[in-house]
Amino acid sequence: MGKKSTSKSVSYDYTINPDLGTTTALESYMNSQAFKFREEGNYPEVERHQSLAVQLCERAIGLESTTTATNWNNLGEVYILMDRLDDAEKHLRKALEIREASNDMFDAAVTCENLARVYECRGDLQEADGLVLPTRSRAIITSVSVRL
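Numbering follows the UniProt record's numbering, with no gaps: position 57 of the sequence shown is 57.
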């Protein structure tokens, strides 16, 4: 399990409707708090802060945003750490769909690697390999074509 947290939990009991700049700042703050709690091994607080970042993005930026996809990916990583593999897969698949649709192959490869970790944890190595190899190939082809 993780390290014992030395940080205190902070409550956010208010409803806001911020502009995009404020939303981005709040999302960034939630991510930085999630990172801090992750370093401490306090996964319930990581989940809470990362979930708040996801909610902010979904409401203010939209479901098709690559920023929202990044937050879904981050939440999926948290669920892997918490051994909540079904939740991890759900959020990682959402992230992958957006990242592939936006032709963001590097980030899509990162999400595919995370999905592969989910399958590895389940003992399905064949499924994990099937996810990782095609994405690596697409990412390499994309980076080669950019260099030409």
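C-beta atoms are modelled at their ideal positions from N, C-alpha and C, and glycine is treated no differently.
Going straight from the alpha carbon of residue i to that of residue j, what length do you get?
{"i": "R147", "j": "P44", "result": "Unreliable placement is indicated for R147, whose pLDDT of 41 sits below 50; the coordinate value is still reported in the next sentence. Between R147 and P44, the C-alpha separation is close to 43 Å."}
{"i": "G41", "j": "L115", "result": "21 Å"}
{"i": "G62", "j": "A108", "result": "18 Å"}
{"i": "S145", "j": "T24", "result": "With a pLDDT of 37 at S145, under the threshold of 50, the modelled position of this residue cannot be trusted; read the value that follows with caution. The straight-line gap from Cα to Cα measures roughly 32 Å."}
{"i": "R117", "j": "I80", "result": "8 Å"}
{"i": "K94", "j": "A69", "result": "7 Å"}
{"i": "A139", "j": "L75", "result": "Reliability of the predicted coordinates at A139 is poor, the pLDDT of 49 falling under 50, and the value obtained from them is presented with this limitation in mind. Each residue's Cα considered, the two are about 23 Å apart."}
{"i": "L20", "j": "L131", "result": "35 Å"}
{"i": "D104", "j": "T111", "result": "11 Å"}
{"i": "Q126", "j": "T22", "result": "44 Å"}
{"i": "E89", "j": "V46", "result": "17 Å"}
What are the boundary residues of the alpha helix (DSSP H) that includes residue i?
{"i": "P51", "result": "Pro is not the amino acid found at residue 51; the sequence shown has Ser there. Y43 to A60 is the span of the alpha helix (DSSP H), which, as asked, contains S51."}
{"i": "R84", "result": "No alpha helix (DSSP H) contains R84, which DSSP labels as neither H nor E."}
Using DSSP with H/G/I as helix, E/B as strand and the rest coil, what is residue i?
{"i": "L131", "result": "helix"}
{"i": "R117", "result": "helix"}
{"i": "N74", "result": "helix"}
{"i": "E89", "result": "helix"}
{"i": "L63", "result": "coil"}
{"i": "G123", "result": "coil"}
{"i": "S28", "result": "helix"}
{"i": "D104", "result": "coil"}
{"i": "D19", "result": "coil"}
I'd like the list of long-range same chain contacts for residue i, defined as Cβ closer than 8 Å, with 5 residues on each side in sequence excluded.
{"i": "L85", "result": "Y79, V118, C121 and R122"}
Near residue i, what residues of its chain come up, given a Cβ to Cβ distance below 6 Å and the 5 sequence neighbours on each side ignored?
{"i": "A53", "result": "E27, M30, N31 and N71"}
{"i": "T142", "result": "Any reading at T142 is ruled out, since the residue's pLDDT is 43, under 50, leaving its predicted position unreliable."}
{"i": "M82", "result": "Y43"}
Flag residue i as yes when its Cβ comes closer than 6 Å to any non-hydrogen atom of the ligand GTP, and as no otherwise.
{"i": "Y29", "result": "Among the ligands in the structure shown, none appear at all, so the ligand GTP cannot be discussed."}
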